[in-house]
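This report concerns only the one structure given below.
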Amino acid sequence: MSLKIQVSKVTDPATLEKVFAIRREVFVVEQNCPPELEWEFEDESHHFLATVDNEPGGACRWRKTEKGYKLERFAVLKKFRGLGVGQELVKAILNDLPQDAAYVYMHAQIQAVSLYEKFDFEKTGPEFEEAGIRHYKMVKK
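In this text, residue positions in the sequence shown follow my numbering: the first is -13, and each later residue adds one.
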């Protein structure tokens, strides 16, 4: 049985609520991130929702910063992990970046580093902690 994974860019409030619900479940509930750190820069970000057989399953966003283009808030609900949802989110977000996006980076949780390496991201600098979780800065080659 093959699953239908679809990723869409989201702007309408009802669908954005699904994105935020996934992030709330993964980051705030499961990973214990402080809610005040989770909800920032929402209006300037470009949000994405992944569905698995039409059920919300993952989310991510990108935004332009003073350094370049930052990919953020990759979250896949527990029941959909290991099915390729994360890869589809990365593909969609990279395809949505402007043509002139020369510097693309992220703060990747340690357990997701190997996923991002498949898309030509490389770790730069030492491991660090953000919201109580171990990360590496990763930059697209």
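All residues carry an ideal CB built from backbone N, CA and C; glycine is no exception.
Asked                                                                                                                       : Found
Per DSSP, W48 is paired with what?                                                                                          : H32, L57
Among T37, Y55, Q(-8), S(-12), which one has its Cα closest to the Cα of I8?                                                : T37
Identify whether G68 lies in helix, strand or coil by the three-state DSSP scheme.                                          : coil
Compare the C-alpha of K127 against each of L80, F34, S(-6), A117 and name the closest.                                     : L80
Quick test of your reading: L101 and G72, contact by CB under 8 Å. State the CB separation rounded to the nearest angstrom. : 5 Å
Between which two residues does the alpha helix (DSSP H) containing M8 stretch?                                             : The sequence given here places Ile at residue 8; Met does not occur at that position. It spans -1 to 9 - the alpha helix (DSSP H) in which I8 sits, taken as one unbroken run.
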